[in-house]
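Worksheet for the structure shown next.
Next up, the structure:
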């Protein structure tokens, strides 16, 4: 009895000491020791298939490019660049050219692309590295709708867009402000890029993505960067990136290639992403989808090197499965997770940075389905060795909606992944022989020197999960995860403070936006 | 325009054809091609740390056993066996002995333990392999409470216990009936094992776990197996296993060791599990927790070999983090996930089967937190190479409650993991060059021969996720995941049919239960 009492007393001391220290240093969920401008991964990649399989996939990608080819539409300049580099035009109409590439040609062109580069942020403390062991998390991108528990689903507005930029900026677990976090559908199509880029520049001080929906909008994005960073700096530093989609299967649209050329010519970064919905625009079998993904993304990346050798380019992978019953895309399913792991292996063999996966779900609610699917997909992203992980926060509804609640849930998960990617240290201190030896068999470790040394930083401390006892949780309102997330995003927006910006620069940016808006009539399509 | 119309028509044909075929062959979520009595993994393990780190952890485990030792309480026979094998008693009282083991001694004893064995089920089609590339999923184990959306949390009853056995039996994605799925608290403590073992035998035809709470209850479990399988068969085949906990740190309780001896003497299997709550009963740092886990589990496993060389023994790992604020265990967090990966590496070096992790969560609801935590934990289980994964379905509330809703959610996730563990096939057929070549760039693949060949089996088809469009989902009731899961478990129980059993055997089992119950007065503690 005395023995048990001693254990309990020691435990209570340990707990009090722990609590006291935490109370001094941080709110719940702070995890100050894990905060970084980007993650430097300390866990190995999870390599799914062997050398022979990788070679067969690469050979198939080469065969696709050599025998089926890629169609380039509406961009004679891009075709000219590919031809100069050795591609053959095997078929053409007035507006489209089918190009083939001898095996190995595209890989040869890609040799000038950097394996790792820095994207600069207006706050230099937030510069991110892309490539190597660096991992960068960015919000989801491109949904027309937004949703929250109070108002349900509705079209996104510029107000929503700003809110999500602010929520992203508020999270220590994202590293990048992303791009089209949601479509601001209340702003004319031909002008919304100006408001979006301005919002990233004003309400965040992290790196971000520019517009890609038309070459002149890409140019506006780069021009606004020149105002923010200075023209000389922009010419020699990557300060903005464009996120470009191929038109699968095996087509590069002229708007896309012209945008890619714009970013590359300015020395800016670009992401080259096939969106492969299996059975619709790619084979249903993952090996084939991955081969096609590699082929399309490599050709798209290669264009940057033909415009400006050394321009940063990121290989992209976005593999989706399909519902057997509806034919609609499904997300967070096992097969694309496996495909992502293999894309990571292929990117490393090419020595190129990779964008891959994210927190996907088809659920229409921030519920169990949403987070199960999100976690399966996101684990594949961090395990495959992806460097830039767009869609880290917010997606629901098969990519169609940004959810305010899921955004903060995903941010919390992104925090947990910081702890995961920190890996396991194995040394005398962490092996902790002395911790067990101090009190010996049958004795609790609450009060050991080792426990007190490690108490605050040993474990990821979620800011959103509920770890209380059932009774305490029940007495205090019995809230579920979504309800807590609803309160969280509101409190984050309430307490948000915009990072300081030079007033002259801010004025120049606002003048630019105003001028460009006044130069053309509104277009709504 | 005509071109787009053609694509749409082809797509619609593809969808119709797919739907038609599915309607003929299966309900939603059937995935008949993935159904197996146990999984044969086709993905590699995810190895977190290198050889040197593993050697340091092993050296620390050896040092713990050699310098601190293990205390055995209340079991002179176990102490005798360990001493005969070379352990030294360095300290003792009337009821406890502290034993030390020279480095390598325990590993030497374990050499007779099988790397892989079969646990036989009463339906031979449900025999499971444990070890090697086999993976077995079993329900959660040991919670005093049950919960569902209708009735909230309450103490578990034998009715709940039977319900969970039936739900497990109904799921193609579990392979094993588990053990104490919930505590039937309405049955006296000294008799409930009889009702539980009978329920597994009667309402399931899969393999299961027996009782371990007292040596005589372990003996009853084995005796009932002799009635079900025949005494001769039981003597030469593993038909039941016991799930034993060490009393961490570094203690083996006499009830446990006597139970282990009972199972081993009968040639039956046993699992040897330290429950390591970091900071309380193990170091907070994962390397130390893993070293301790290895030390404790190895010594516990070794006892089986001293009783009966060749008896099946399973290494166990149950690593938990702690809430900084309350001192209570947390689950589904990143550090234990990393620890599990390393335990997998260590088990392979010992050439022993491993039980590890499961679908853990501290959430009190089947919500987003629950499934995010569950997925992080469960991914570590399947990636670390664990062979027997107890706690695959049902846990909420920090292991204190079995949730009816989460049970069916977890079963669906277990199904998805069947697809994940099937890995990626890379061959001419899956590389699918012809699928892309058939229609060429810019043309959808809905109607290609390859798509039609692979349509039904390419992707995991969840039976519980919602993949409909928002509009369809909204019109049809806008249900969240938990609500669908609530309907699902009810319909599964409604349609449950008990597997046939020989009437004579059933009668013998019921007689045994009745007789044993009549032999002692009810005990409620």
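Chains as they are written, first to last, in UniProt numbering: chain A, 1 to 525; chain B, 1 to 525. Glycine residues also receive a C-beta, built at the ideal position from the N, C-alpha and C atoms.
Terminal residues of the continuous beta strand (DSSP E) containing residue i?
i             : result
residue 277/A : 275-277
residue 496/A : No beta strand (DSSP E) contains residue 496/A, which DSSP labels as neither H nor E.
residue 136/A : 134-137
residue 182/B : That residue, residue 182/B, is in no beta strand (DSSP E); it is neither H nor E in DSSP.
residue 71/A  : 70-73
residue 81/B  : Note, residue 81/B: premise wrong, no beta strand (DSSP E); alpha helix (DSSP H) at 76-84.
In angstroms with no decimal places, state the Cα-to-Cα distance between residue i and residue j.
i             : j             : result
residue 82/A  : residue 168/A : 39 Å
residue 509/B : residue 208/B : 16 Å
residue 441/B : residue 292/A : 11 Å
residue 280/A : residue 446/B : 5 Å
residue 262/B : residue 97/B  : 21 Å
residue 222/A : residue 234/A : 8 Å
residue 46/B  : residue 136/B : 18 Å
residue 194/B : residue 228/B : 14 Å
residue 108/A : residue 54/A  : 18 Å
residue 416/B : residue 30/B  : 11 Å
residue 73/A  : residue 268/A : 23 Å
residue 395/A : residue 171/A : 16 Å
residue 484/B : residue 366/A : 14 Å
residue 435/B : residue 339/A : 18 Å
residue 494/A : residue 480/B : 28 Å
Quick one: residues in its chain with C-beta nearer than 6 Å to the C-beta of residue i, no 5 flanking neighbours on either side, listed in chain order?
i             : result
residue 75/B  : 254, 257 and 258
residue 499/A : 205
residue 183/A : 144 and 156
residue 127/A : 118, 120 and 121
residue 333/A : 321
residue 60/A  : 291
residue 23/B  : Residue placement at residue 23/B is flagged as unreliable, the pLDDT there being 40, under the threshold of 50; a coordinate-derived value is accordingly withheld.
residue 294/B : 61 and 346
residue 25/B  : For residue 25/B, the predicted structure reports a pLDDT of 48, less than 50, and the residue's modelled location is therefore unreliable. The matter cannot be settled from this model.
What residue range is occupied by the uninterrupted alpha helix (DSSP H) comprising residue i?
i             : result
residue 170/A : 158-170
residue 506/A : 503-519
residue 96/A  : Looking at the DSSP string, residue 96/A is not in any alpha helix (DSSP H); the run it does join, the beta strand (DSSP E), is 96-100.
residue 202/B : 192-203
residue 406/B : 404-421
residue 297/A : 286-307
residue 476/B : Element bounds for residue 476/B: n/a, residue is neither H nor E.
residue 235/B : 231-236
residue 341/B : 334-350
residue 261/B : 254-265
Excluding the 5 residues preceding and the 5 following residue i in the sequence, name in chain order all residues of the same chain whose CB lies nearer than 7 Å to its CB.
i             : result
residue 133/B : 40 and 41
residue 110/B : 298, 301, 302, 305, 350 and 352
residue 401/A : 143, 145, 146, 147 and 153
residue 174/A : 137, 138, 139, 168, 392, 393, 411 and 414
Here's a check: name, in chain order, each residue in its chain whose Cβ is nearer than 8 Å to the Cβ of residue i, leaving out the five neighbours to either side.
i             : result
residue 89/B  : 79, 83, 97, 98 and 99
residue 517/B : 191 and 194
Contact check, residue i vs residue j under 8 Å by CB: the rounded distance?
i             : j             : result
residue 345/A : residue 49/A  : 7 Å
residue 34/A  : residue 422/A : 7 Å
residue 474/B : residue 362/A : Between residue 362/A and residue 474/B the Cβ distance is about 14 Å, and since that is not below 8 Å, they are no contact.
residue 101/A : residue 66/A  : 6 Å
residue 358/B : residue 371/A : Not quite, the Cβ-Cβ distance comes to about 17 Å (not below 8 Å), so this is no contact.
Residues in the segment 56-80 of chain A with C-beta within 9 Å of chain B's C-beta atoms, listed in sequence order? 56, 57, 59, 60, 63, 64, 67, 68, 69, 70, 71 and 73
Give me the subset of the segment 85-116 of chain A whose CB atoms are less than 9 Å from a CB atom of chain D, sorted by chain position. Among the chains of the structure shown, chain D does not appear; the protein chains present are A and B.
Please identify, using Cβ separations under 8 Å, the residues of the segment 450-477 of chain A that lie next to chain B, in order along the chain. 450, 451, 454, 455, 456, 458, 459, 460, 461, 462, 464, 465, 466, 467, 468, 469, 470, 473 and 474
Please list, in chain order, the residues of the segment 269-292 of chain B that have any C-beta partner in chain A closer than 9 Å. 278, 279, 280, 281, 282, 283, 284, 285, 286, 287, 288, 289, 290, 291 and 292
Within 7 Å of chain B by C-beta, residues of the segment 351-368 of chain A in sequence order: 362, 363, 364, 365, 366, 367 and 368
Residues, ordered as in the chain, of the segment 301-327 of chain B that lie near chain A by beta-carbon distance below 9 Å: 321, 322, 323, 324, 325, 326 and 327
Contact list for the segment 26-48 of chain A against chain B, Cβ threshold 8 Å: 28, 43, 44, 46, 47 and 48
With 7 Å as the limit, tell me which residues of the segment 430-441 of chain B have their beta carbon closer than that to any beta carbon of chain A; keep them in chain order. 430, 431, 432, 433, 435, 436, 437, 440 and 441
If the cut-off is 8 Å on Cβ atoms, which residues from the segment 476-509 of chain B count as contacting chain A, listed in chain order? 478, 480, 481, 482 and 485
Mind checking the segment 235-255 of chain B against chain A and listing, in chain order, the residues whose C-beta falls within less than 8 Å of any C-beta there? 247, 249, 250 and 251
Please name the residues in the segment 194-210 of chain B whose beta-carbon is closer than 8 Å to at least one beta-carbon of chain A, in chain order. none
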